[in-house]
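Heads up: take any position in the sequence shown, counting from 1, add 12, and you land on my numbering.
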Amino acid sequence: MRRRHARAGGGGELTYRQLAAATGWSRGVIGGYLAGQVLPPTDRFDELVRLLGATPAEQGALATARDRVADARHAPAHGASARAVVPRQLPLDSAGFTGREPQLAELDLLLRRDATQLCDVTSGTVALVVGTAGVGKTALAVRWAHRAAARFPDGQLHVDLRGYDPRRPVAAADALAGFLRALGVDGADIPRGVAERAALYRSLVAGRRVLVLLDNAFGADQVRPLLPGTASCLVVVTSRDDLAGLVVREGARRIRLDPLGATEAARLLRALLGDRVDAEPAAAAALARRCAGLPLALRIAAEFAAGHDGLRLRDVVADLDGGACVTDPPYHRADPWTAATALDRLDAGDPRSAVRAVFSWSHRHLGPPSRRLFALLGLHPGTDLDGPAVAALAGVAMEPARAAVSELVRAHLVARVGADRYGMHDLLRAYAAESARSALSHDEHRAALVRLLDHHVGTATAAAAALYPHDQPGVRPAPGGAETAHRALDRERANLVALAGHAAQYGLAAHVIGLSEALWRYFEVGGHAQEALAVHGAAVRAALREVPAPPERVARVLANLGGTYWWIGEHTRARHWFERSLAWHERGGDRAGRARALARLGLAHERLGDYLRARACLIGALAGYRGIGDRHGEGSQLLNLGGLQRRLGRYALARRHLRRAAALFAELGDARLEGYALGNLGVLESLVGRHEEALEQLRRALAACRSCRDRGGEGSALAALGAAQLRLGRPAEALDQFDRALAISHETGERGLRIEALNGLGATLRAMGRLDAALEGYRAALDLARRTGDPDEAARALAGLAELGVPAPYVASTTPPPPSRRRTRNG
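Right, here's the structure in full:
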């Protein structure tokens, strides 16, 4: 289409301005279409092609090309149906929301256009809700988003950018990673750079109707990478700043939110306090004025009054004004928050001083345990925490912790965000952090962080032991079983990542190493690549800088980082970290660790096609495990060696290794690795033509992996079953198995499995006569295999392309390996 525009405008006839005048679209929209940044809706595409003077034949060809691009953006390369991912990320609607009808109506105006053309890219896709702290921007945006959600059937995305958090504002790169995961991109496929992540995000939402809520933005640069850039999406941003740059450059529509007027404030107080407002209208009006009409301050003050039925509203007002209150508790003391601190710097002016006054007033009415807990909550680097974490932070038992946090909830200084989970408004979080700096000594501060980290490292380790007992020998697993443990880790994942970075900053290397050791398998199986890189990277930096732990612990976190690179397909980097891990194990004289490092290094060599080094490493690992009497480690290396010997065509030796490994794992009770051994045996039997035996072994392997919740192993078994079915001349069954394997590879982020599935799909589709789809499958496999450095799978893809007649030099001269490789993923 760009070439057609160049031809049509060769004489200067068709400028962007003229196209805009002819269509009624903005020049920014037309520029996005012609630059290839935005895929036009079908009706707009046809109109633009017609105006550019395309012939009927060209119009048909361009329409076909456009449809192919649209299909490629929403379907896997092999042509099978894609899993629809519709994110529903809106937070809970606010209870007791009142007023704001004009602002809600202004937001509604954005929806009063044709359903396929909500608004232009440069004139209304971004709504900017601005106002002072505590004025209710988030409540308004969330209330409207819930009202409008049905108009966005492709989903709703939400992120709290924490732009005014003095410690941890959310970087645009991290917000994009969360959006990409919500849109179905696995962790291993998330690009590293902000620009690359933003481009992928825009591609995924192009043409889709998605509502994006960006809460608590600090500046335009934090927001711009998160803008979809397509007219079918709508973005709502909340900020204390006017963000003039978004208005000027992106055409954002600013909606200003002022403090509540007297009537709206009275309505809110009446919703919170009932008839008491009508009984004392003058006092209620004075309370609204003292709270500067800010909903946050009004809720805190009203909650205090609601908790004291005998307290008159005029007494509340008098107490807020610094006068005597008939219910003053004996621990009432002067407000200590008078210095210019981080909270002062958030904003300036009278409304903010009202917020500070209400915070201080509510704070001094707390009992001593709750005041202390409020300060301690300011130390938590995450967004929320549960009851046991509260108790650990406070250093008290559960009952007094619950009593203290309940008082904070009643005072609206802390909010319940789930069953036994608590969070804070960002202003209150800043106030709590300030309170911690003032009320806690350095030793108290560090001791509280250590208690919190001890708690989280312990619970994460116990949860990992419940999920993967053979990776955590000697650790008592968390109660409730694997399902409960998995939910707990999912719930705490963001907090654990934040705590790892926090621990590294404070020099608490032992704790960040502990998190790395506890979470490595959970990250791998779940496909949480970005989180794994963050935690293991922090652990490596802390370990190499401080070296507070024994060498074997340093070596293990080096291996964990290498393992992450291994399963996302960066095998050269993985080899580097495995080599360093091996050196540290040898420095410390840890024989078991040395054997484990050799095994992992062998797997890296195998992925890179260096089979001689791989075999030497695996034989060395096997000897090491046998030397220390570790039968489980011995079985793992027999499994790894069996897979390697099979790929080298030494089938008899491979069969002996794999049978011995399966027997050992059965004896030791490790159903997961027994399933891996059976799966490798199944692949071997299929290759030598013993198909019924192969299918039996592979089905047993699949059942074992499913029973152990090993999604990667399940995917490998499905891919192997697909290959076996294809050899039996059952392409329909094979296609189903490869489709399932491919879906799991996206879920777990294991690129090796994905390449295997794509190659298998290419072969299956070719057998079914679907040559175009087969071509796409092989090309996708080849591209990914080249990026990961996997020569075997690259050779399979090249051989498949050659069968389809793709000419040299695109196809290299090489001998393809056997058509299926079951990976062991064991160290």
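Every residue gets a Cβ at the ideal spot worked out from N, C-alpha and C, and that includes glycine. It should be emphasised that the depicted structure is a prediction, and the values quoted were computed from it without experimental measurement.
Checklist entry - In terms of residues, what are the limits of the beta strand (DSSP E) holding R433? => result 433-435
Checklist entry - Rounded to the nearest angstrom, how far is the Cβ of V138 from that of L258, given a contact under 8 Å? => result 6 Å
Next on the checklist: I need the straight-line Cα distance from A145 to L440, nearest angstrom please.
Outcome noted: 11 Å
Next on the checklist: Please state whether the Cβ-Cβ distance between R9 and E759 is less than 8 Å.
Outcome noted: Nothing about residue 9 can be reported from this structure: the residues present for the chain run from 13 to 839 only.
Checklist entry - Hey, which unbroken runs of the alpha helix (DSSP H) at 4 residues or more fall wholly within the segment 457-535? => result 493-517
Next on the checklist: What does the alpha-carbon distance come out to for the pair P203 and H377?
Outcome noted: 50 Å
Checklist entry - Leaving out the 5 sequence neighbours to the left and right, which residues in its chain are closer than 6 Å to H424 when beta-carbon positions are compared? => result R311, I312, E315
Checklist entry - Where DSSP assigns a beta bridge to Q168, which residues make up the other side? => result R100, L223
Next on the checklist: Using the Cβ count rule (16 or more neighbours within 10 Å means buried), how would you classify T275?
Outcome noted: exposed
Item to check | Residues of its chain near A184, where Cβ-Cβ distance is below 7 Å and the 5 sequence neighbours each way are ignored | outcome: V206, Q234, P237, L238
Checklist entry - Which of the three DSSP states, helix, strand or coil, is assigned to T584? => result helix
Item to check | Contacting residues, own chain, Cβ-Cβ under 7 Å from C717 (five flanking each side not counted) | outcome: R684, G687, G725, E726, A729
Next on the checklist: Applying the 10 Å Cβ sphere with the 16-neighbour rule, what's the burial state of A448?
Outcome noted: buried
Next on the checklist: To the nearest angstrom, how far is the alpha carbon of E805 from that of A459?
Outcome noted: 52 Å
Checklist entry - What does DSSP give as the partner residues of A139 in its beta bridges? => result V248, R265
Item to check | Every unbroken alpha helix (DSSP H) inside the segment 668-727 [4 residues or more] | outcome: 683-699, 703-719
Next on the checklist: With H, G and I counted as helix, E and B as strand and the rest as coil, what does DSSP make of D398?
Outcome noted: strand
Checklist entry - Using the rule of at least 16 other Cβ atoms within 10 Å of the residue's Cβ for burial, across every protein chain shown, is L104 buried or exposed? => result exposed
Next on the checklist: Residues in the same chain with beta-carbon distance under 6 Å from G199, minus the five sequence neighbours each way, listed in chain order, please.
Outcome noted: G539, H540, A541, Q542, G761
Checklist entry - Which class does A183 belong to by DSSP, given the choice of helix, strand or coil? => result coil
Checklist entry - What's the call for G694, buried or exposed, on a 16-neighbour Cβ count within 10 Å? => result buried
Item to check | For V429, the first and last residue of its enclosing alpha helix (DSSP H) | outcome: Premise fails: V429 lies in the beta strand (DSSP E), 427-430, not in any alpha helix (DSSP H).
Checklist entry - What are the start and end residues of the alpha helix (DSSP H) that includes T150? => result 149-160
Checklist entry - Secondary structure at S106, three-state DSSP: helix, strand or coil? => result coil
Checklist entry - Cα-Cα, which of G654, A607, H467, R608 is closest to Y623? => result G654
Checklist entry - CA-CA distance, A295 and R288? => result 10 Å
Next on the checklist: My output table needs one value for A409: the three-state DSSP class, helix, strand or coil.
Outcome noted: coil
Next on the checklist: Between which two residues does the alpha helix (DSSP H) holding C303 run?
Outcome noted: No alpha helix (DSSP H) contains C303, which DSSP labels as neither H nor E.
Checklist entry - Can you name the residues that DSSP bridges to A229? => result S251
Checklist entry - When the Cα atoms are used, what is the spatial distance from A516 to A291? => result 56 Å
Next on the checklist: Please list the terminal residues of the continuous alpha helix (DSSP H) segment that includes D856.
Outcome noted: No answer is possible for residue 856: the residues shown for the chain start at 13 and end at 839.
Item to check | Nearest-angstrom Cα separation, counted from L325 out to L284 | outcome: 13 Å
Next on the checklist: Here's a check: name, in chain order, each residue in its chain whose Cβ is nearer than 7 Å to the Cβ of A609, leaving out the five neighbours to either side.
Outcome noted: A567, A571, F590, S593, L594, H597
Next on the checklist: Let me check understanding here. Comparing Cα to Cα, which of L531, E582, I580 lies closest to V569?
Outcome noted: L531
Item to check | Three-state secondary structure assigned by DSSP to Y176 | outcome: coil
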